[in-house]
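Since the structure comes first, as C-alpha coordinates, the remarks are kept for the end.
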Amino acid sequence: MRRQTATCGVAPAGSSRSLRLDPLSLPVRFDAHDPRADGYVRQIELHRERVVLRRAVRGMQMAINVRVSDFTGVALRGNDEAQALVLVHRDPSLSVPLQVSADGEELTEAWAIWSELFALPQLDEGARKPAQRRRRCNAIRARRPKFLMRRRTGIARELSVHQGEREIIARN
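Residues 115 to 286 (the working numbering) make up the sequence shown, in order.
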(Lines of atoms letter the chains of each structure in order from A and count residues from 1; the text may use other names and numbers.)
(Lines give C-alpha, C1' and ligand atoms only; values in the text may rest on other atoms or scores of the structure.)
Protein backbone atom coordinates (compact mmCIF):
# COMPACT_ATOMS: atom_id res chain seq x y z
CA MET A 1 0.00 0.00 0.00
CA ARG A 2 1.39 3.41 -0.96
CA ARG A 3 1.51 6.19 1.54
CA GLN A 4 -0.10 9.41 0.42
CA THR A 5 1.37 12.76 1.33
CA ALA A 6 -0.68 15.45 2.94
CA THR A 7 0.96 18.34 1.10
CA CYS A 8 0.18 18.32 -2.57
CA GLY A 9 0.32 16.08 -5.56
CA VAL A 10 -1.56 14.72 -8.49
CA ALA A 11 -5.23 15.32 -7.91
CA PRO A 12 -7.34 12.19 -7.54
CA ALA A 13 -9.63 11.16 -10.39
CA GLY A 14 -12.65 13.42 -10.64
CA SER A 15 -11.05 16.23 -8.68
CA SER A 16 -10.86 19.70 -10.16
CA ARG A 17 -7.83 20.69 -8.09
CA SER A 18 -4.66 21.50 -10.00
CA LEU A 19 -1.02 21.30 -8.99
CA ARG A 20 0.04 24.20 -6.77
CA LEU A 21 3.17 24.08 -4.62
CA ASP A 22 4.04 26.62 -1.95
CA PRO A 23 7.61 27.85 -2.47
CA LEU A 24 7.92 28.85 1.19
CA SER A 25 7.16 25.35 2.55
CA LEU A 26 10.10 23.42 1.11
CA PRO A 27 10.98 20.54 1.20
CA VAL A 28 7.90 19.08 -0.41
CA ARG A 29 7.12 15.67 -1.90
CA PHE A 30 4.51 15.16 -4.62
CA ASP A 31 3.56 12.95 -7.57
CA ALA A 32 3.68 14.07 -11.20
CA HIS A 33 2.79 12.58 -14.56
CA ASP A 34 5.61 10.70 -16.33
CA PRO A 35 4.78 8.98 -19.65
CA ARG A 36 7.77 6.60 -19.45
CA ALA A 37 7.34 5.41 -15.87
CA ASP A 38 5.33 2.43 -14.69
CA GLY A 39 1.86 3.63 -13.81
CA TYR A 40 2.69 6.94 -15.56
CA VAL A 41 3.60 8.50 -12.20
CA ARG A 42 6.89 9.66 -10.71
CA GLN A 43 7.52 10.93 -7.22
CA ILE A 44 9.38 14.22 -6.82
CA GLU A 45 11.10 15.57 -3.71
CA LEU A 46 11.81 19.27 -4.04
CA HIS A 47 14.37 20.88 -1.72
CA ARG A 48 16.04 24.29 -1.90
CA GLU A 49 19.34 22.89 -3.17
CA ARG A 50 18.34 19.61 -4.86
CA VAL A 51 15.56 17.68 -6.58
CA VAL A 52 15.10 13.92 -6.22
CA LEU A 53 13.07 12.16 -8.91
CA ARG A 54 11.89 8.62 -8.10
CA ARG A 55 10.22 6.36 -10.63
CA ALA A 56 10.01 2.76 -11.75
CA VAL A 57 10.65 1.79 -15.36
CA ARG A 58 9.79 -1.82 -16.29
CA GLY A 59 9.88 -2.80 -12.63
CA MET A 60 13.30 -1.25 -11.94
CA GLN A 61 13.22 1.40 -9.21
CA MET A 62 15.43 4.45 -9.74
CA ALA A 63 16.14 7.68 -7.93
CA ILE A 64 17.77 10.61 -9.73
CA ASN A 65 19.35 13.31 -7.59
CA VAL A 66 19.78 16.63 -9.46
CA ARG A 67 21.19 19.87 -8.05
CA VAL A 68 18.94 22.90 -8.49
CA SER A 69 21.89 24.76 -10.05
CA ASP A 70 21.87 22.19 -12.90
CA PHE A 71 18.45 23.44 -14.05
CA THR A 72 18.41 26.16 -16.71
CA GLY A 73 15.62 28.25 -15.20
CA VAL A 74 11.93 28.60 -14.36
CA ALA A 75 9.62 28.82 -17.39
CA LEU A 76 5.98 29.59 -18.01
CA ARG A 77 4.51 27.10 -20.52
CA GLY A 78 1.12 26.46 -21.97
CA ASN A 79 -1.69 28.20 -23.80
CA ASP A 80 -4.44 30.63 -22.82
CA GLU A 81 -6.67 28.04 -21.09
CA ALA A 82 -4.09 26.46 -18.79
CA GLN A 83 -0.51 27.41 -18.11
CA ALA A 84 2.16 25.67 -16.10
CA LEU A 85 5.18 26.90 -14.21
CA VAL A 86 8.05 24.47 -14.84
CA LEU A 87 11.57 24.06 -13.46
CA VAL A 88 13.35 23.49 -16.78
CA HIS A 89 16.27 21.11 -17.30
CA ARG A 90 18.27 20.51 -20.51
CA ASP A 91 16.91 16.95 -20.47
CA PRO A 92 13.12 17.38 -20.86
CA SER A 93 12.42 14.21 -18.87
CA LEU A 94 14.01 15.85 -15.79
CA SER A 95 11.89 19.03 -15.92
CA VAL A 96 9.66 19.49 -12.87
CA PRO A 97 6.17 21.06 -12.84
CA LEU A 98 5.74 23.59 -10.03
CA GLN A 99 2.27 25.02 -10.57
CA VAL A 100 -0.64 24.64 -13.00
CA SER A 101 -3.26 27.35 -13.19
CA ALA A 102 -5.44 29.38 -15.54
CA ASP A 103 -4.90 32.61 -13.58
CA GLY A 104 -2.13 34.55 -15.33
CA GLU A 105 -1.51 37.02 -12.47
CA GLU A 106 -1.10 34.25 -9.91
CA LEU A 107 1.38 32.46 -12.17
CA THR A 108 3.37 35.64 -12.79
CA GLU A 109 3.77 36.24 -9.04
CA ALA A 110 4.71 32.62 -8.41
CA TRP A 111 7.15 32.74 -11.33
CA ALA A 112 9.08 35.57 -9.68
CA ILE A 113 9.07 33.85 -6.27
CA TRP A 114 10.30 30.49 -7.60
CA SER A 115 12.96 32.18 -9.70
CA GLU A 116 14.27 34.16 -6.73
CA LEU A 117 14.11 31.16 -4.38
CA PHE A 118 16.24 28.95 -6.64
CA ALA A 119 18.40 31.84 -7.97
CA LEU A 120 17.53 30.80 -11.53
CA PRO A 121 16.47 33.04 -14.44
CA GLN A 122 12.91 33.41 -15.63
CA LEU A 123 12.77 31.80 -19.07
CA ASP A 124 10.38 33.07 -21.72
CA GLU A 125 9.36 29.95 -23.65
CA GLY A 126 7.57 31.98 -26.35
CA ALA A 127 10.67 33.95 -27.36
CA ARG A 128 12.96 30.96 -27.19
CA LYS A 129 14.72 30.05 -30.43
CA PRO A 130 15.71 26.46 -31.17
CA ALA A 131 19.37 25.72 -30.68
CA GLN A 132 21.57 25.51 -33.73
CA ARG A 133 22.39 22.03 -34.89
CA ARG A 134 25.79 20.93 -33.68
CA ARG A 135 28.29 19.61 -36.16
CA ARG A 136 28.93 15.95 -35.64
CA CYS A 137 32.30 15.10 -34.25
CA ASN A 138 33.14 11.64 -35.51
CA ALA A 139 36.25 10.06 -34.02
CA ILE A 140 36.80 7.73 -36.97
CA ARG A 141 36.56 10.52 -39.52
CA ALA A 142 39.92 11.97 -38.44
CA ARG A 143 41.63 8.62 -39.03
CA ARG A 144 40.53 8.26 -42.65
CA PRO A 145 42.50 10.11 -45.32
CA LYS A 146 40.35 12.42 -47.42
CA PHE A 147 41.64 11.14 -50.76
CA LEU A 148 40.33 7.65 -49.98
CA MET A 149 36.84 9.04 -49.86
CA ARG A 150 37.20 10.33 -53.46
CA ARG A 151 38.33 7.01 -54.92
CA ARG A 152 35.99 5.13 -57.18
CA THR A 153 34.84 1.82 -55.84
CA GLY A 154 34.75 -1.32 -57.90
CA ILE A 155 37.22 -3.70 -59.51
CA ALA A 156 40.86 -2.68 -59.31
CA ARG A 157 42.49 -2.06 -62.67
CA GLU A 158 44.06 -5.11 -64.15
CA LEU A 159 47.83 -5.32 -64.10
CA SER A 160 49.55 -5.95 -67.43
CA VAL A 161 51.18 -9.37 -67.76
CA HIS A 162 54.10 -9.77 -70.21
CA GLN A 163 54.44 -13.38 -71.34
CA GLY A 164 57.42 -14.91 -73.10
CA GLU A 165 59.83 -12.11 -72.23
CA ARG A 166 63.03 -12.29 -70.21
CA GLU A 167 63.07 -10.52 -66.94
CA ILE A 168 66.05 -8.27 -66.31
CA ILE A 169 67.06 -7.73 -62.70
CA ALA A 170 69.76 -5.26 -61.78
CA ARG A 171 72.13 -6.47 -59.10
CA ASN A 172 75.14 -4.88 -57.49
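The beta-carbon is built from N, C-alpha and C at its ideal position, and this holds for glycine as well.
{"Item": "Helix, strand or coil, according to DSSP, for A233 in the structure here?", "Value": "coil"}
{"Item": "Which residues share a DSSP beta bridge with D145?", "Value": "Q157"}
{"Item": "Taking the continuous beta strand (DSSP E) assigned at R169, which residues delimit it?", "Value": "R164 to V171"}
{"Item": "What did DSSP end up calling W228 once you bin it into helix, strand or coil?", "Value": "helix"}
{"Item": "With three or more beta-carbon pairs closer than 8 Å as the criterion, would you say the region 212-224 touches the region 174-183?", "Value": "no"}
{"Item": "Please classify P137: does DSSP put it in a helix, a strand, or coil?", "Value": "coil"}
{"Item": "If I measure Cβ to Cβ from V171 and keep anything under 8 Å in the same chain, skipping five residues before and after, which residues do I get?", "Value": "R150, A151 and D152"}
{"Item": "Among F144, A189 and T186, which residue has its Cα nearest to the Cα of L167?", "Value": "F144"}
{"Item": "Using the beta-carbon count (16 or more within 10 Å), is S274 buried or exposed?", "Value": "exposed"}
{"Item": "Roughly how many angstroms separate the alpha carbons of D205 and H147, rounded to a whole number?", "Value": "16 Å"}
{"Item": "Relative to the C-alpha of Q157, which residue among A216, R169 and R164 is closest?", "Value": "R169"}
{"Item": "Between the C-alpha atoms of G278 and R285, what's the straight-line distance to the nearest angstrom?", "Value": "22 Å"}
{"Item": "In three-state DSSP terms, what is G192?", "Value": "strand"}
{"Item": "On a CA-only basis, which of L160, V214, V210 and L234 is nearest R134? Give me that one, please.", "Value": "V214"}
{"Item": "Quick check: the Cα distance between E239 and N193, rounded to an integer number of angstroms?", "Value": "11 Å"}
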